[in-house]
Every structure is written in structure tokens, then in C-alpha cells.
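J.: Residues in the sequence shown are numbered from 239 upward in steps of one, following the working numbering. The structure that follows is given in the form of C-alpha cells.
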Amino acid sequence: MIEAFKHYMNEEGNTVAQKEFLENMEKKIEDADFTGDMNGLLRSGIEYNINEAYELVKTNLLEKI
């Protein structure tokens, strides 16, 4: 995923600093509208913790770009 992201960004001529990306995501994770989006998408009975999901993505992806 990381290589695909870097390739896509390169092909599009875009750059994003890791710090910038993380700061943007940290702001979003504090936004109730952003974090509440999944509630309407999951079927009843599915448990989902966006904070746990974010930490997983942050550690395994965002901190490696």
C-alpha cells in the first residue's frame, strides 16, 4: 500500500510530508462528523472502534510514508 501510495503521488506530481498527513488525520479523528460517518455504513450488530482503527492505520501505514 505504501509503495502504491508513493507511486500514485509521484505520478500525479503531488507530495505530502508525513508530519502534514499525520496532523491532518489527528484533526479529523477529533471531528465528530468524520468519526461518525461509519455508523450509517455498518449493519446492525457490527462493533467498530474508529480510534482503534486509526491507531492501527497510523502505526502500520501513516508513520511509514
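Don't be surprised by glycine CBs; every beta carbon is placed ideally from N, CA and C.
May I have the straight-line CA-CA distance separating Met263 from Gly283, to the nearest angstrom?
T.: Their Cα atoms are separated by approximately 27 Å.
J.: Taking only three categories from DSSP, how would you classify Thr253?
T.: Three-state result, Thr253: coil.
J.: What are the boundary residues of the alpha helix (DSSP H) that includes Asn289?
T.: Asn289 -> alpha helix (DSSP H) spans Ile288 to Asn298.
J.: Below 6 Å CB to CB, which residues in the same chain sit around Ala270 once its five sequence neighbours on both sides are set aside?
T.: The answer is none, since no qualifying residue turns up.
J.: Take Ile240 and list the residues in its own chain whose beta-carbon comes closer than 8 Å to its own, dropping the five residues that flank it on each side.
T.: Excluding sequence neighbours, Ile240 sits near Leu299, Lys302 and Ile303.
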